[in-house]
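**Student:**
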Amino acid sequence: MTLWIALVATAAGCYLLKYAGLAAPRRLLDNPWLRRFATAVPLALLAALIAVEALRGEGQSLAWDTARMGGLGAAVLALVLKAPFLVVIVAAAAATAGLRALGL
Numbered sequence: 003m004t005l006w007i008a009l010v011a012t013a014a015g016c017y018l019l020k021y022a023g024l025a026a027p028r029r030l031l032d033n034p035w036l037r038r039f040a041t042a043v044p045l046a047l048l049a050a051l052i053a054v055e056a057l058r059g060e061g062q063s064l065a066w067d068t069a070r071m072g073g074l075g076a077a078v079l080a081l082v083l084k085a086p087f088l089v090v091i092v093a094a095a096a097a098t099a100g101l102r103a104l105g106l
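In our numbering, the protein residues as written are 3 to 106.
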């Protein structure tokens, strides 16, 4: 029963948060500082997610995985070269698989 209470409370909270964004006054949304903040937050969250997943070890620990870092490096290189998204994914997967096949 506690799980259902938490689920309903979370759903209601998400709905209210979405409604608060829609009900925000236009003068608040036109604020340049808020606009920059709203642009920067998703980038920071995505960078944090990539860092945590790239360095994920056993359980809660962080660990260096050479093959995974090689795949990340290949993805970054493909992005710098402005490759399409599918090419970025294939380059990262191929680099990781190649390094794992070499035993790294």
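Note that beta-carbon positions come from the ideal geometry of N, C-alpha and C, so glycine has one too.
On the three-pair Cβ rule with 8 Å, is the stretch 82-90 touching the stretch 49-65?
**Tutor:** Result no; under three Cβ-Cβ pairs closer than 8 Å.
**Student:** Whose C-alpha, out of Leu24, Gly59, Ala96 and Asp67, is nearest the C-alpha of alanine 76?
**Tutor:** Here residue 76 corresponds to residue number 74 of the sequence shown, with the count starting at 1. Minimum Cα distance to alanine 76 is reached at Ala96.
**Student:** On the criterion of 16 or more Cβ atoms from any shown chain inside 10 Å, does threonine 12 qualify as buried, or is it exposed?
**Tutor:** Walking along the sequence shown from the start, residue 12 turns up at place 10. Threonine 12 comes out exposed.
**Student:** Exposed or buried, what is alanine 94 when buried is set at 16 or more other beta-carbons lying within 10 Å of its beta-carbon?
**Tutor:** Start at 1 with the first residue of the sequence shown, and residue 94 comes out as number 92. With 16 or more Cβ atoms within 10 Å of its Cβ, alanine 94 is classed as buried.
**Student:** Given isoleucine 52, which residues of its chain have a CB within under 7 Å of its CB, disregarding the five upstream and five downstream residues?
**Tutor:** Within the sequence shown, numbered from 1, the residue matching residue 52 stands at position 50. Same-chain partners within the cutoff: there are none.
**Student:** Three-state secondary structure (DSSP) at leucine 64?
**Tutor:** As a first step, residue 64 is located in the sequence shown; it is residue number 62 there, counting from the start. In the structure shown, leucine 64 sits in a strand (DSSP, three-state: E or B).
**Student:** Does the Cβ-Cβ distance between threonine 98 and glycine 59 come in under 8 Å?
**Tutor:** Along the sequence shown, one-based indexing puts residue 98 at 96. Along the sequence shown, one-based indexing puts residue 59 at 57. The answer is no: Cβ separation not under 8 Å.
**Student:** Please list, in chain order, all residues of the same chain as arginine 102 whose beta carbon is under 8 Å from its beta carbon, the five residues on each side excluded.
**Tutor:** Translated into the one-based positions of the sequence shown, residue 102 becomes position 100. Taken in chain order, the residues that qualify are Ala69.
**Student:** Identify the residues that DSSP records as bridge partners of arginine 70: which are they?
**Tutor:** Residue 70 sits at position 68 when you count from the first residue of the sequence shown. DSSP, once it has assigned bridges, lists no residue as partnering arginine 70.
**Student:** Look at valine 90 and leucine 104 and say whether their C-beta atoms are less than 8 Å apart.
**Tutor:** Translated into the one-based positions of the sequence shown, residue 90 becomes position 88. Translated into the one-based positions of the sequence shown, residue 104 becomes position 102. Against a cut-off of 8 Å, the Cβ pair of leucine 104 and valine 90 comes out as no contact.
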